[in-house]
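Top to bottom, those sequences are chains A and B. According to this note's numbering, the first sequence is numbered sequentially starting from 44. According to this note's numbering, the second sequence is numbered sequentially starting from 40. For each residue, glycine too, the CB sits at the ideal point set by N, CA and C. Just so it is clear, the structure is predicted and the values come from calculations on it, not from any experiment. All remarks here apply to the structure that follows.
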Amino acid sequence: MREIDSNEICQAVRDLAIAAAHDLEPDILDALLAARDRETGELAGNILDLLLTNADIASRERIPVCQDTGTGILFLELGQEIHIRGDLNEALQEGVRLGYEEGYLRKSVCDPLTRKNTGTNTPAVVHMEMVVGDRLTIRFLPKGCGSENMSSLVMLPPSAGTEGVVRHVIDRVLAAGSNPCPPMIVGVGLGGSFEKAALLAKKALLRPVGEKSDREDVAALEERMLREINAKGQGAHGFGGITTALAVHMETFPCHIASLPVAINIQCHAHRHKEIVL
Amino acid sequence: MSLLRSEPAFFDNLPEVRLPFTSEALASLKAGQLVSLSGTLYTGRDQTHRRLCALLDEGKELPVDLKGQLLYYVGPSPARPGRVIGAAGPTTSYRMDSYTPRLLALGLAATMGKGARSAEVRQAMLAHGAVYLAAIGGAGAFLSRCIKKSELVAFADAGPEALFRFEVENFPAVVINDLAGRDYYELVAAAQKKGEG
């Protein structure tokens, strides 16, 4: 049994929140660089240049990449050999609170009915999984809502088949237009149950940008959807161009014989994510 | 970390437009044009709009005269000590659509955010001679540097949703809806369709 103090977890979450808001990871930076280098649309090319400049300024001058520093989404993989001293849930929330306060990040969380801001950017959304081993992996995904609002979940009839899934995803992504700040990353969750599909779609966003699915048939569909989305020429910010999406990531899970859940979770180009292993 | 071959040079040659717009400047804007804005503007997003319209419902005066002004849809992140403001890029505009025609009727000359507007808003813009611009979403750090002064005008308790007056310099934006009724997002889609045909 290995012990981890909850204070250490709190500090780690605080640091992840601040780093995520200011420093984009190499996967998204490389994807934006590649998109800029192949862009043929003049305005879209200039905008992609500006986004790279923006990432540079954010990191050097400690100004958030985007003012929407998001709802905190935490993914934990907790090794079953670990014993945590103190209150884990409290440590996670306190870490988010400290990160948003001390990092000068925008507090964007409010009551859904009264719309009153909680003032701390908490509660964060926490997804926890038990895994074998004695390590704790924490991933922090601050999720802005320009893109989150363009997400959806539908229970298709199984007769819709692969074509139905592909058409639905492409139609939804194109209908979002410039709202979610393209070039975007499209997370698709296929199968499972109502809530499982949504979680799969979000988890698909955790994959390094452009990394293909392990399943060959799924990887082929990801590539096809990406190609068809980009062929419509909406481009960066809908200003016309060849990169509307940087990647399509699809995660699958077996589902009921009567069911075909499809969830789409959109991520904007300001794809902020950080990870630590304790 | 330096990712750039150079600082983007395209800003050097942009048409410069003063805020608030003169009627000539407003008429000169063309859908698809990238412009550089300098001068004063006001900010507001979801709660700001809800409160402005609530004041109108009660027959009360607004905290600011919006006639001829530009309203920028933004909820900035807090300023670090010594800074004017934090990140300050645009939020998605459609959430303001249900409120916008009322403000345009008061003489608001321009709105700025990101994403397409509803048919009702476009009609109201045509009727009142107003334009809509898109700022660059997700470029909040870059745009922060274009804001030289920020002053709280109203609704302080709404936090990032308060109404601010900004003084901006060389703030880049793309004209989406112009006075002639053109919509740049539609022009892009039409050009693509023609290319396919």
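From A:Gly84, A:Ala167, A:Gly88 and A:Glu254, residue whose alpha carbon lies closest to that of leucine 75 of chain A: Of the candidates A:Gly84, A:Ala167, A:Gly88 and A:Glu254, A:Gly88 places its Cα closest to the Cα of leucine 75 of chain A.
Through-space distance from leucine 91 of chain A to glycine 114 of chain B, alpha-carbon basis: Spanning the two alpha carbons is a distance of roughly 23 Å.
Residue environment, lysine 159 of chain A, which counts as buried when at least 16 other CB atoms sit within 10 Å: Of the residues assessed, lysine 159 of chain A falls on the exposed side of the cut-off, its CB having fewer than 16 other CB atoms within 10 angstroms.
Contact with chain C by threonine 161 of chain A, beta-carbon distance below 8 Å: This model lacks chain C altogether; the protein chains it does include are A and B.
At a cut-off of 7 Å, is valine 103 of chain B close to the ligand PLP when judged by its beta-carbon and the heavy atoms of the ligand? In the structure shown, the ligand PLP is absent, as is every other ligand, since no ligand is present at all.
How far does the alpha helix (DSSP H) with glycine 71 of chain B in it reach, from first residue to last? No alpha helix (DSSP H) holds glycine 71 of chain B; DSSP gives it neither H nor E.
Taking 8 Å as the cut-off, does the stretch 192 to 201 of chain B touch the stretch 129 to 138 of chain B (at least 3 CB pairs, one atom from each stretch)? No, because fewer than three Cβ pairs between the stretch 129 to 138 of chain B and the stretch 192 to 201 of chain B fall closer than 8 Å, the two stretches do not touch.
Helix or strand or just coil, what does DSSP make of aspartate 282 of chain A? Here residue 282 of chain A turns out to be phenylalanine, not aspartate, going by the sequence shown. Correct three-state label for phenylalanine 282 of chain A: coil.
7 Å Cβ cut-off: residues of chain B touching phenylalanine 282 of chain A: What phenylalanine 282 of chain A touches in chain B: Val213 and Val227.
Check whether the Cβ of serine 236 of chain A lies closer than 8 Å to any Cβ atom in chain B. Not an interface residue.
Output yes or no for whether 8 Å exceeds the beta carbon distance between isoleucine 228 of chain A and histidine 170 of chain A. Cβ distance not < 8 Å, so isoleucine 228 of chain A and histidine 170 of chain A don't count as in contact.
Using a Cβ-Cβ cut-off of 8 Å, state whether arginine 119 of chain B counts as contacting chain A. Cβ-Cβ to chain A under 8 Å: yes for arginine 119 of chain B.
Using DSSP with H/G/I as helix, E/B as strand and the rest coil, what is valine 160 of chain B? In the three-state scheme derived from DSSP, where H, G and I count as helix and E and B as strand, valine 160 of chain B is classed as helix.
Report the CB separation of glutamate 137 of chain A from cysteine 53 of chain A in whole angstroms; it is logged as a contact under 8 Å. Between glutamate 137 of chain A and cysteine 53 of chain A the beta-carbon gap is near 5 Å, inside 8 Å, which marks them as a contact.
What do you get for proline 226 of chain A, buried or exposed, if any count of 16 or more other CB atoms within 10 angstroms of its CB means buried? Per the 10 Å Cβ criterion, buried.
CB asparagine 164 of chain A to CB tyrosine 143 of chain A, shorter than 8 Å? Yes. Within cutoff.
Serine 151 of chain A in three-state terms, based on DSSP: Of the three classes helix, strand and coil, the one that applies to serine 151 of chain A here is coil, per DSSP.
In whole angstroms, what separates the C-alpha of alanine 78 of chain A from that of threonine 96 of chain A? Distance between the alpha carbons of alanine 78 of chain A and threonine 96 of chain A is about 14 Å.
Could you check what DSSP says for proline 115 of chain B in three-state terms: helix, strand or coil? Three-state DSSP puts proline 115 of chain B in coil, outside helix and strand.
Alpha-carbon spacing of isoleucine 215 of chain B relative to valine 197 of chain A, whole angstroms: Going from the Cα of isoleucine 215 of chain B to the Cα of valine 197 of chain A covers about 32 Å.
So isoleucine 100 of chain A and arginine 122 of chain B are in contact, right, with Cβ under 8 Å, and what is the actual spacing, rounded? Taking the Cβ atoms as the reference, isoleucine 100 of chain A lies roughly 12 Å from arginine 122 of chain B, outside the contact range of under 8 Å.
For my contact list, alanine 244 of chain A and leucine 269 of chain A are in at a C-beta cut-off of 8 Å; report their separation, rounded to the angstrom. About 16 Å; that fails the 8 Å criterion.
I'd like the span of the alpha helix (DSSP H) that includes glycine 204 of chain A, first residue to last. Where glycine 204 of chain A is concerned, the enclosing alpha helix (DSSP H) stretches over 204 to 219.
Apply the 10 Å Cβ neighbour rule to methionine 44 of chain A and answer buried if 16 or more other Cβ atoms are within range, or exposed otherwise. Exposed, by the Cβ-count rule.
On the DSSP bridge list, what partners appear for glutamine 310 of chain A? Glutamine 310 of chain A is bridged to A:Ile228.
Nonlocal neighbours in the same chain, by C-beta distance under 7 Å from leucine 42 of chain B, ignoring five residues either side: Unreliable positioning characterises leucine 42 of chain B in this predicted model, as indicated by a pLDDT of 46, which lies under 50. A coordinate reading is not provided.
Own chain partners of isoleucine 106 of chain A with C-beta closer than 6 Å, once the 5 adjacent residues on each side are dropped: Nothing listed; no residue qualifies.
At the 8 Å Cβ level, is proline 107 of chain A part of the contact set with chain B, yes or no? Among the residues facing chain B, proline 107 of chain A is included, as its CB has a counterpart in that chain under 8 Å away.
Would a check of beta-carbon distances place glutamine 231 of chain B closer than 8 Å to chain A? Yes, because at least one Cβ of chain A sits closer than 8 Å to the Cβ of glutamine 231 of chain B.
Sequence-distant residues of its chain with Cβ nearer than 6 Å to serine 194 of chain A (five each side left out): The answer, listed in chain order, is Ile307, Asn308 and Ile309.
First and last residue of the uninterrupted beta strand (DSSP E) at glutamate 294 of chain A: Secondary structure note for glutamate 294 of chain A: its beta strand (DSSP E) is the uninterrupted segment 288 to 296.
Please tell me whether arginine 184 of chain B has its Cβ less than 8 Å away from any Cβ of chain A. Between arginine 184 of chain B and chain A, the shortest Cβ-Cβ separation is below 8 Å.
What does the alpha-carbon distance come out to for the pair aspartate 85 of chain B and valine 174 of chain A? Put simply, the backbone Cα of aspartate 85 of chain B is about 42 Å away from that of valine 174 of chain A.
For the stretch 176 to 183 of chain A against the stretch 56 to 64 of chain A, are there 3 or more C-beta pairs whose distance is under 8 Å? Segments in contact, yes.
Simplified DSSP state of leucine 119 of chain A, which is helix, strand or coil: Annotated three-state conformation of leucine 119 of chain A is strand, per DSSP.
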